Amino acid sequence: MKKNRKLVILSALLSGMMLLSIGCSTGTDDGEEGNGGSVDIGIVLPTKDEPRWVQDETRFKEALEDTDYSVEILFSQGSSAKEKENVESLLTKGIKVLIICPQDGDAAAAAAEAAAAEGVKVISYDRLITGTEAVDYYVTFDSIAVGAAQGQYLIDKATGEGNPLYLYAGAASDNNAFLFFEGAWSVLQPKIADGTFEIKNSPEAVTLQDKAELTRDEMSKIIGQITTNWDFNEAKNKAESHLTSASAEDKGDVFILAPNDGTARSIADTFGTDSDVTSFVVTGQDAEMASVQYIIDGKQSMTVFKDVRTLVKDSIDMAVSVLKDETPKTTGAYDNKSKEVPAKQTEVITVDQENVKAALIDSGYYEASEFTGLE
Ligand code: BGC
Numbered sequence: 003m004k005k006n007r008k009l010v011i012l013s014a015l016l017s018g019m020m021l022l023s024i025g026c027s028t029g030t031d032d033g034e035e036g037n038g039g040s041v042d043i044g045i046v047l048p049t050k051d052e053p054r055w056v057q058d059e060t061r062f063k064e065a066l067e068d069t070d071y072s073v074e075i076l077f078s079q080g081s082s083a084k085e086k087e088n089v090e091s092l093l094t095k096g097i098k099v100l101i102i103c104p105q106d107g108d109a110a111a112a113a114a115e116a117a118a119a120e121g122v123k124v125i126s127y128d129r130l131i132t133g134t135e136a137v138d139y140y141v142t143f144d145s146i147a148v149g150a151a152q153g154q155y156l157i158d159k160a161t162g163e164g165n166p167l168y169l170y171a172g173a174a175s176d177n178n179a180f181l182f183f184e185g186a187w188s189v190l191q192p193k194i195a196d197g198t199f200e201i202k203n204s205p206e207a208v209t210l211q212d213k214a215e216l217t218r219d220e221m222s223k224i225i226g227q228i229t230t231n232w233d234f235n236e237a238k239n240k241a242e243s244h245l246t247s248a249s250a251e252d253k254g255d256v257f258i259l260a261p262n263d264g265t266a267r268s269i270a271d272t273f274g275t276d277s278d279v280t281s282f283v284v285t286g287q288d289a290e291m292a293s294v295q296y297i298i299d300g301k302q303s304m305t306v307f308k309d310v311r312t313l314v315k316d317s318i319d320m321a322v323s324v325l326k327d328e329t330p331k332t333t334g335a336y337d338n339k340s341k342e343v344p345a346k347q348t349e350v351i352t353v354d355q356e357n358v359k360a361a362l363i364d365s366g367y368y369e370a371s372e373f374t375g376l377e
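Here the sequence shown stands for residues 3 to 377, where the numbers follow this note's numbering.
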């Protein structure tokens with residue numbers, strides 16, 4: 003069953019991968035080794051504890067199956083110190099390009115600088131490394147569009163006035179958490195100002211609810227109250243404590259901005275057990291398999307599909323350009339607080355029960371047999 007999926011994905015990637023002129027050696031921290039200790043491209047991902055990043059590893063392996071370049075993938079397990087060690091270990095193996103998704107955007111600056119000091123080109127993957135000039139390129143999804151899609155979904159499902167709104171956010175150490183929140187706020191704020199929604203779990207957000215555009219400091223204040231730190235347990239604990247302090251009138255038919263799928267499942271499970279919550283609409287992102295099943299089962303309302311195959315392909319194409327002494331193609335730039343980092347950005351798709359099959363199964367991203375109850 004997995005094989006079929008691989009075939010579809012491989013054929014979709016084939017045109018791009020032809021460029022690589024092909025034959026493979028991919029090492030990972032699972033014990034596989036790269037080519038004789040010398041590695042061309044080092045890849046560092048944040049953690050294996052979230053399905054999102056395991057998915058990225060799988061897609062990298064699929065995309066690199068036939069490459070002549072030697073590649074090693076390491077995980078930082080949620081630790082910036084481990085991340086730095088990973089980078090140092092890859093540098094001793096002679097990498098020429100580093101593709102890195104930082105655990106903490108600011109903290110990863112030191113690792114990026116260590117790489118740059120050895121003439122290694124640094125590609126920030128999905129999350130931007132901030133506060134350093136030592137980032138050469140950035141491959142990313144349109145993260146503001148992710149947040150806007152989440153906010154818009156809640157708006158589209160709401161009728162009348164005074165709908166209880168519960169806001170949650172990602173980790174403040176992740177620049178994306180700000181972009182997601184900014185995107186969501188841009189569409190939700192007018193609907194809070196006109197009385198469609200009433201924020202129930204963030205006094206800071208209530209104080210700022212008349213401001214259409216928030217500064218980074220203002221967002222920090224709100225995110226400080228509603229952060230999940232991208233952690234399922236923290237999300238659950240926060241949701242529990244918000245429900246405990248909310249009155250029955252603050253519940254009923256509720257609307258929940260959950261920043262990603264992992265936290266959405268925790269928050270949905272928690273809201274689902276409160277007898278004063280009659281119904282809830284809850285957002286997510288990543289199209290993680292567990293959340294796709296939740297959507298099919300009606301336990302999570304939507305997800306934002308970020309096709310990891312595209313991000314993987316874009317970052318490999320960039321790395322290969324660097325290895326060939328060519329300038330990678332970019333489509334814009336992101337300010338990382340020290341420089342404008344040339345970037346390639348990918349669009350996202352809103353997925354709910356209506357289009358889950360077309361977007362995720364018919365597109366070859368997943369196989370129908372990986373889910374139950376799919377019509
Ligand atoms: C990524 C999301 C992910 C989150 C938590 C963000 O930077 O863009 O896809 O769910 O981190 O790992």
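Beta carbons: idealized from backbone N, C-alpha and C, even for Gly. Nothing here was measured: the structure is a model prediction, and the numbers come from that model.
Following a CB-centred definition, is D176 positioned closer than 6 Å to any heavy atom of ligand 1?
D176: yes, Cβ under 6 Å from ligand 1.
Please classify A195: is it buried, with 16 or more other beta-carbons within 10 angstroms of its beta-carbon, or exposed?
Result: exposed.
Looking only at its chain, what residues have a beta carbon closer than 6 Å to the beta carbon of I363, apart from the 5 residues adjacent to it on each side?
The answer, listed in chain order, is A370.
Are S340 and G133 touching if we call contact CB-CB under 7 Å?
Against a cut-off of 7 Å, the Cβ pair of G133 and S340 comes out as a contact.
Please state the DSSP three-state secondary structure of V279.
Three-state result, V279: strand.
Quick one: residues in its chain with C-beta nearer than 8 Å to the C-beta of E349, no 5 flanking neighbours on either side, listed in chain order?
Closer than 8 Å at Cβ, skipping near neighbours: F143, D144, A147.
Report the three-state DSSP secondary structure of P166 (helix, strand or coil).
In the structure shown, P166 sits in a strand (DSSP, three-state: E or B).
Residues in the same chain with beta-carbon distance under 6 Å from A237, minus the five sequence neighbours each way, listed in chain order, please.
T230, T265, S268, I269.
Throw me the rounded Cβ distance for the G274 and K308 pair, which I believe falls under 8 Å.
Wrong, their Cβ atoms sit about 25 Å apart, outside the cutoff.
Note down the Cα distance separating S281 from T332, rounded to an integer number of angstroms.
The straight-line gap from Cα to Cα measures roughly 44 Å.
For the beta strand (DSSP E) that contains Q302, what are its first and last residues?
Taken as a continuous stretch (DSSP letters only), Q302 belongs to no beta strand (DSSP E), as it is neither H nor E.
Within 10 Å of its beta-carbon, does S247 have 16 or more other beta-carbons around it, so buried, or fewer, so exposed?
It is exposed - the Cβ of S247 has fewer than 16 other Cβ atoms within 10 Å.
Please tell me whether Q154 and V124 are closer than 7 Å, where the distance is taken between their beta carbons.
Not in contact: Q154 and V124 (Cβ atoms no closer than 7 Å).
Consult DSSP for L245 and reduce its assignment to one of helix, strand or coil.
Looking at L245 - three-state DSSP - the assignment turns out to be helix.
Enumerate in chain order the residues of its own chain whose CB-to-CB distance from I351 is below 6 Å, with the five nearest sequence positions on each side excluded.
Within the same chain, I351 has close Cβ partners F307, A361.
Tell me whether N357, by its Cβ, gets closer than 6 Å to a heavy atom of ligand 1.
No, the beta carbon of N357 sits no closer than 6 Å to any heavy atom of ligand 1.
Run through DSSP, which three-state label would V358 get?
DSSP places V358 in helix when its eight states are reduced to three.
Give me the Cα-Cα distance between Y170 and I225, rounded to the nearest whole angstrom.
Each residue's alpha carbon lies about 8 Å from the other.
Applying the criterion that 16 or more other CB atoms from any shown protein chain within 10 Å of the CB defines a buried residue, is T94 buried or exposed?
That one is exposed.
Under the three-state reduction of DSSP, which class applies to L376: helix, strand or coil?
DSSP places L376 in coil when its eight states are reduced to three.
According to DSSP, I45 sits in a beta bridge with which residue or residues?
Its beta-bridge partners are I75, I101.
Rounded to the nearest angstrom, what separates E220 and K213 at their Cα positions?
So the alpha carbons of these two residues sit roughly 10 Å apart.
Report the start-end ranges of each alpha helix (DSSP H) in the stretch 207 to 235 that is 4 residues or longer and not cut off at the edges.
Correct list: 218 to 228.
Could you have a look at Q347 and say whether DSSP puts it in helix, strand or coil?
Strand.
Quick one, which of K86, V141, V122, E67 has its alpha-carbon nearest L313's?
That would be V141, whose Cα lies nearest to the Cα of L313.
Going by the DSSP bridge assignment, what does K159 pair with across the sheet?
Beta-bridge pairing links K159 to no other residue.
Taking just the CA atoms, how far does Y296 sit from K359?
If you take the alpha carbons of K359 and Y296, they lie about 13 Å apart.
Would you tell me roughly how many angstroms separate the C-alpha atoms of H244 and A207, rounded to the nearest one?
Rounded to whole angstroms, H244 to A207 spans 14 Å at the Cα level.
Report the rounded CA-to-CA distance for Q105 versus K315, giving the unit in angstroms.
Their Cα atoms are separated by approximately 21 Å.
Among residues of its own chain, excluding the 5 on either side of W55, which ones have a beta-carbon nearer than 8 Å to its beta-carbon?
Contacts found: L47, P48, T49, F77, C103.
Just list the residues that DSSP pairs F257 with in beta bridges.
DSSP output for F257 lists L167, V283 as bridge partner(s).
Whose C-beta lies closer than 6 Å to the C-beta of D263 among residues of the same chain, with five residues either side of it excluded?
Counting only Cβ-Cβ distances below 6 Å, and skipping sequence neighbours, we find G286, D288, E290, S293, T305.
So is the beta-carbon of N239 under 6 Å away from any non-hydrogen atom of ligand 1?
No, the beta carbon of N239 sits no closer than 6 Å to any heavy atom of ligand 1.
From V99, T209, L167, pick the residue whose C-alpha is nearest to that of S126; which is it?
Selected option, being the one with the closest Cα: V99.
N262: beta carbon under 6 Å from a heavy atom of ligand 1?
N262 Cβ: within cutoff of ligand 1.
Is the stretch 165 to 182 close to the stretch 247 to 262, with three or more CB pairs under 8 Å?
Because the criterion of three Cβ pairs below 8 Å is met, the stretch 165 to 182 and the stretch 247 to 262 touch.
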